[in-house]
Structures are given as structure tokens and as C-alpha cells.
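Under the UniProt record's numbering, the residue at position 204 of the sequence shown is numbered 204, and the numbers go up by one with no gaps. Read the structure below first, then the notes.
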Amino acid sequence: MQYLKLLRPSHWAKNLFLYIPLFFAGEMFILSKVLELLIGFFAFSLVASSIYIINDYMDVEADKAHPVKCKRPIASGAVSKPAALVFFVLCLAIGGFLAYYVRPKFAFVVGIYFILNLLYSFGLKNISILDILILSAGFVLRIKAGGVAANIASSEWLMIMVFLLALFMAIAKRRDDVLIKTQSGKEMRKASKGYNMDFMNVMLALVSAVIIVAYLMYTMAPETMARFHTYRLYYTCLFVIGGLLRYLQITYVENDTGSPTKILYKDRFIQLTILLWVLSFYVIIYLPTNKSFFE
1 MQYLKLLRPS HWAKNLFLYI PLFFAGEMFI LSKVLELLIG FFAFSLVASS IYIINDYMDV
61 EADKAHPVKC KRPIASGAVS KPAALVFFVL CLAIGGFLAY YVRPKFAFVV GIYFILNLLY
121 SFGLKNISIL DILILSAGFV LRIKAGGVAA NIASSEWLMI MVFLLALFMA IAKRRDDVLI
181 KTQSGKEMRK ASKGYNMDFM NVMLALVSAV IIVAYLMYTM APETMARFHT YRLYYTCLFV
241 IGGLLRYLQI TYVENDTGSP TKILYKDRFI QLTILLWVLS FYVIIYLPTN KSFFE
């Protein structure tokens, strides 16, 4: 059980981003591509898990001082450090083999993700601002990998929106570290030295505003309207704004943004906004009608 926990399977939900290019291309019901992406999903997840393991291995002393991370398998002593390294190699080997099986170019993108995050674990995470940029770039690489696996070109707008959203969540997560430091006096990360509450609040406000403006520009771009055969995609902005406001509420009012994945699993409001946003695009892209639901 502890070895399974070491993989952080709950975080594998992040790798569903691989399916986003397929969804927006209108090819979600092409079984061969769905199955190929399923293999890609497990490949990416295992490689990501290998990064989680090595990150926990490197951060074991800092995690012991953290109120939540102290329960992780290595920090708690449930899994020894040598055993964790063996598990790291197994995850990387199996994940790399599956990635190459899907497509060599897919394995190349996964390899970039691995190297970038390995450098992150070995020191780049200690550099303020760079740490959140690397975390956000990981989601862009997921989109790129999904497009490569399904042989679909990834939209520039899609890459920008995913990067901004990931950046928003990474800032909120770092703000939580600053909050813990303020309350307990313990520094959770070396990168936290470059942050304070005022700076984090300004960054959150800035990025959330940019996300809304960028999303509106995307929905009203001529190429977007031509692709989806409707000019009323901006209606879906309601769900984006609702989700962002709820996340800001969790951040500022509830002070509970330590794990974006945890929020995704437990917060009904955010789940509803995501569901409605996906359903609205499903209607536009997949409904067998000559006239858009929004026309």
C-alpha cells in the first residue's frame, strides 16, 4: 500500500490533459486513438511517478517538517530510501518503454518532461519564479505529448490557456507554503525566500485577469469561430470565471490551496464548472446537428 502511495496515483488525473487535443479536434470517439492515448496516459503517469519518487527522496528532511508531507512514505519511514530508488528505476523503465511503444516522438516529449522535472528536483525548484514556471511548463508538455500521440496539431491558444491556468494553480500552491511559513515560522521550500504574501496575492490577481482576457480573445478569435461554426463561444466564459473565482475563494478565504489535485477531487463547485464547460464544448463539437446549440 505504501509503495502505491509512493506513486501518488491521485495525481495521475493531471495526465488526463493528454486527451485535451483529441477532444478539441472532435476525434474523441475514434477508438484507435483513444486506446493509443490510454497507453500514453499510463506511460506518462509512470514517468511522472518516477519524478515524484526522486523528489520525495531529495526532499525527505524538509518533508519531515511539513504538517502534511511528513506522512509521505519516505518521510514517514514506511519506505526505505534504497527501496524507493529501485521503484524509481522500475517506473522510469516501464514508462519509457510504453512511451516509445506509442510513438518515438511521444517518448521524446516525455523525455523532455522527465529531464526538466529531474533538474527541478535537483535544484531548480529552489529558484523563485523559475520553480512555478517549470511546474506550468509540465502541463504544456502534457498537451504537446497528447497531440503527438494522437497525431493532432496542438493549437497555440490551447497551449497558452493551459500554461496560464497551470501557472495560476502553481502560484496558489506556493502561496499556501508562504502561509504555513507565516503561521509556523517553518520554511517549507528554499524558493519561499523569494516570495511573500503581498507578492503572491498580486501575482494571483494578475494571472487570473490575464486568463480571463486570453480566454475571451480565444473564443472571439476569427479562426476559433470558423473552426467551431459559432460566434457565441464566449458564453462558456461564465464557467471559466466561476471556476477561477471559486479557486480564489479557496485561496483567500479558506487558505487551503496546498494541493490543486485535492481541490479538484473534493470541491463540488469547481467540479460543476468543469463539467458544464466540457458539456458546452461537447454540444458544439460533437452534437450531430447543422446548427450550434448556442446559435
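Where a beta carbon is used, it is the ideal one built from N, C-alpha and C, also for glycine.
Which residues in the same chain as L248 place their Cβ atom closer than 6 Å to its Cβ, once the five residues preceding and following it in sequence are excluded? none
Within its chain, find whatever has a CB closer than 6 Å to the CB of H11; leave out the 5 residues flanking it on each side and keep chain order. T261
4 or more residues per run - each alpha helix (DSSP H) lying fully within the segment 138 to 197: 156 to 184
DSSP state of D56 mapped onto helix, strand, coil: helix
Residue span of the alpha helix (DSSP H) that contains A226, given as start and end: 222 to 228
Using 9 Å as the threshold, is the C-beta distance between A150 and A25 below it? yes
Should Y235 go down as buried or exposed, given a rule of 16 or more other Cβ atoms within 10 Å for buried? So Y235 ends up on the exposed side.
Could you spell out where the alpha helix (DSSP H) holding N117 opens and where it closes? 104 to 121
Candidates T224, T251, S49, I285: closest to L179 by CA position: T251
Would the segment 35 to 50 and the segment 156 to 168 be scored as touching if the rule is three or more Cβ pairs under 8 Å? Counting Cβ pairs under 8 Å, fewer than three are found: no touch.
Is the CB-CB distance between N126 and I51 below 9 Å? no
Measuring alpha carbon to alpha carbon, tell me which of L6, I270, R175 ends up nearest K81. L6
Report the residue from L141, G111, C237, D177 whose alpha carbon sits nearest the alpha carbon of L16. L141
Could you give the DSSP three-state label for R72: helix, strand or coil? coil
From S45 to I132, what distance separates their C-alpha atoms? 20 Å
Less than 7 Å between C-beta atoms, sequence neighbours within five positions excluded: which residues of the same chain meet that for Y3? Result list for Y3: V79, F87, in chain order.
Own chain partners of Y286 with C-beta closer than 6 Å, once the 5 adjacent residues on each side are dropped: none
Answer yes or no: does any C-beta atom of chain B fall closer than 9 Å to that of M28? Among the protein chains of the structure shown there is no chain B, as only one such chain exists.
Look at the Cβ atom of G146, then the Cβ atom of A153, and state whether they are nearer than 9 Å. no
For the alpha helix (DSSP H) holding F281, just list the boundary residues, first then last. 268 to 286
For H11, name the three-state secondary structure that DSSP assigns. helix
Please classify M197: is it buried, with 16 or more other beta-carbons within 10 angstroms of its beta-carbon, or exposed? exposed
In its own chain, which residues sit with a C-beta less than 8 Å from the C-beta of L98, not counting the 5 before and 5 after it? Result list for L98: I39, G40, F42, A43, L46, in chain order.
Go through its chain and collect everything with a Cβ distance to Q271's Cβ below 8 Å, but skip five positions before and after it. Taken in chain order, the residues that qualify are L264.
Do K144 and M159 count as a contact pair if the criterion is CB distance below 9 Å? yes
For G123, count the other beta carbons within 10 Å of its own beta carbon; 16 or more makes it buried, fewer makes it exposed. Which is it? exposed
Looking at C-alpha atoms only, which residue of E223, V68, G242, V253 is the closest neighbour of I274? G242
Work out the CA separation of G96 and G111 for me, nearest whole Å. 8 Å
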